[in-house]
Amino acid sequence: LVLGFAFFFCYVMSSGSYDYFQFVQQWPPTNCKIRTKCSKPRPLQMFTIHGLWPSNYSNPTLPSNCNGSQFKELYPKWRYKLKKSWPDVESGNDTKFWESEWNKHGRCSEQTLNQFQYFQRSHEMWNSFNITNILKNAQIVPSPTQTWTYSDLVSAIKKVTQRTPLLRCKSDPAQLKSRTKPQPKNQTQSQLLHEVVF
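Residues -17 to -1, 1 to 181 in mature numbering (1 follows the signal peptide of the UniProt record, and there is no 0) are what the sequence shown spells out, letter by letter.
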């Protein structure tokens, strides 16, 4: 019985059973600030797509690496569009990044979206939920001195999209290195906005 359940579970996970999609946009300057892999960082000052991930309520990181169609080269028209909305901000190898996202996440949604639809839908969502413009219109722009609260950001995005986003923030590595003495308990450390998830 246990062995039968294990085979069933493996089949379900490899076939890409999921409850919803996570549409994830990233802020490239934060991405390269927190990662050491940015060998060819691009000076992008706009949110870009990190991925469209089929997910489960019980475990949002699953499914991934499902069986399915291998990545096929995208048409030139779509490569042109995705170079703007979905670039590889770390190494500059866009095609490899798209292939990685398709193989890890896209194939898990293949019963709903084929490869073309997967990238098309992601690009359309990026246009519809343009986080860069939404925040800019709310006078929330990158600044070395001005900070905003989590609720300021969520409120500005929700006002336009009618959806409550999940914000993923990261500690600023430069700020962590420069701290030489303990901070007062009531002082909160500011963080960098890394990803916006719908």
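No residue lacks a Cβ here, since even glycine has one placed at the ideal position from N, Cα and C. A quick note: this is a predicted structure, and the numbers were derived from the prediction, not measured.
Asked	Found
Alpha-carbon spacing of His33 relative to Lys142, whole angstroms	23 Å
Alpha carbon of Asn110 to alpha carbon of Pro156, nearest angstrom	31 Å
Segment contact, 8 Å Cβ cut-off, at least three pairs: the segment 26 to 46 with the segment 2 to 16	yes
For Pro156, the three-state DSSP class (helix, strand or coil)	helix
Per-residue DSSP class, three states only, for Val7	strand
Proximity below 9 Å, CB of Thr31 to CB of Val72	yes
CB-CB length for Phe54 against Asn97, believed under 8 Å	Not really, about 12 Å apart at Cβ, beyond 8 Å.
For Gly89 and Trp61, the rounded distance between their alpha carbons	16 Å
Per DSSP, cross-strand counterpart(s) of Ile32	Gln8
Cut-off 6 Å between Cβ atoms - residues of its own chain near Asp2, not counting five sequence neighbours on either side	Asn39 and Tyr40
Per-residue DSSP class, three states only, for Leu96	coil
Through-space distance from Phe6 to Cys91, alpha-carbon basis	14 Å
Classification of Leu(-17) by the beta-carbon crowding that lies within 10 angstroms, buried from 16 upward	At Leu(-17) the pLDDT is 38, less than 50, meaning the model places this residue with poor confidence; the figure from the coordinates comes in the next sentence. Counting Cβ neighbours within 10 Å, Leu(-17) comes out exposed, since fewer than 16 surround it.
Assigned exposure category for Tyr133 - 16 Cβ within 10 Å defines buried	exposed
Rounded distance between the beta-carbons of Pro148 and Val137, thought under 8 Å	6 Å
Inter-residue spacing [alpha-carbon to alpha-carbon] between Leu57 and Trp69	13 Å
DSSP-derived helix/strand/coil call for Arg18	coil
Assigned exposure category for Glu107 - 16 Cβ within 10 Å defines buried	exposed
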